[in-house]
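Structure record follows, encoded as structure tokens.
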Amino acid sequence: MLKYMDIGVRLILIDGEGLEEEEFRAHIRKYPALELLYEQGLYVFDALNPALSIPVNSEDLFMATLYYTAFTCHNTLRKYPGLKNRNFVYFIQDFEPIFYPHNTGYVTALETYRLPHFGIYSTPFLQ
Numbered sequence: 648m649l650k651y652m653d654i655g656v657r658l659i660l661i662d663g664e665g666l667e668e669e670e671f672r673a674h675i676r677k678y679p680a681l682e683l684l685y686e687q688g689l690y691v692f693d694a695l696n697p698a699l700s701i702p703v704n705s706e707d708l709f710m711a712t713l714y715y716t717a718f719t720c721h722n723t724l725r726k727y728p729g730l731k732n733r734n735f736v737y738f739i740q741d742f743e744p745i746f747y748p749h750n751t752g753y754v755t756a757l758e759t760y761r762l763p764h765f766g767i768y769s770t771p772f773l774q
């Protein structure tokens, strides 16, 4: 769908250390639904590397898939007040706090659900 809307796509991986772009492209080429990402996608691996400077566009939309990426999206939105989309998209596939004992990992994962986001949930239970 994005292909027909003339929207640029960047895939920014915060923990992609060791990934090679050509290897990644070869993998996603196997999936026809990812054709746009293969043909026109721009990739940034290991984005938390302090040596990297990643430019942002005022129309960028950030997406999180894990609790720690939610914090990265939230902090980026706070750092750049000129971004039009003030909430990030959060793909919530499971209740992540349950993967941790009742410690800081549990509380940290739980806290992400309080951040301003647009949730996309894998099941109604998670809403």
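In this note's numbering, the protein residues as written are 648 to 774. Note that beta-carbon positions come from the ideal geometry of N, C-alpha and C, so glycine has one too.
- prompt: Is it right to say Tyr727 is buried, meaning 16 or more other beta carbons lie within 10 angstroms of its own, or is it exposed?
  reply: Exposed, by the Cβ-count rule.
task: Find the nearest neighbour of His764 within the set Cys720, Glu686, Glu743 and Asp662, judged by alpha-carbon distance.
output: That would be Cys720, whose Cα lies nearest to the Cα of His764.
task: Give the straight-line distance between the Cα atoms of Gly663 and Phe772, rounded to the nearest whole angstrom.
output: For Gly663 and Phe772, the distance between alpha carbons rounds to 31 Å.
When Ala673, Ile767 and Ala717 are compared against Leu660, the one with the closest alpha-carbon: Minimum Cα distance to Leu660 is reached at Ala717.
message: DSSP has Phe738 in a bridge; who is on the other side?
response: Note: Phe738 sits in a beta bridge opposite Ile767.
- request: Would you list the residues sitting across from Arg657 in a DSSP beta bridge?
  value: According to the DSSP secondary-structure assignment, Arg657 is paired through a beta bridge with Leu689.
task: Quick one: which unbroken alpha helix (DSSP H) runs of 4-plus residues sit fully inside the region 712 to 761? Chain order, please.
output: Look at the region 712 to 761 and you find these whole runs of alpha helix (DSSP H), each 4 residues long or longer: 714 to 726 and 751 to 758.
- prompt: Looking only at C-alpha atoms, which of Ile767, Leu695 and Glu668 sits nearest to Phe742?
  reply: For the set Ile767, Leu695 and Glu668, the Cα lying nearest the Cα of Phe742 is the one of Ile767.
task: Measure the alpha-carbon distance for Lys639 versus Leu683 and round it to whole angstroms.
output: The requested residue 639 does not occur in the structure, where the chain is confined to residues 648 to 774.
task: Alpha carbon to alpha carbon, how far is Glu667 from Leu680? Give it in angstroms, no decimals.
output: Here residue 680 is Ala; the residue named in the question, Leu, does not match the sequence. Separation of Ala680 and Glu667 (C-alpha to C-alpha, rounded to the nearest whole angstrom) is 21 Å.
query: Between the Cα of Leu757 and the Cα atoms of Tyr715, Leu724, Asn734 and Thr723, which residue gives the shortest distance?
result: The residue among Tyr715, Leu724, Asn734 and Thr723 with its C-alpha nearest the C-alpha of Leu757 is Tyr715.
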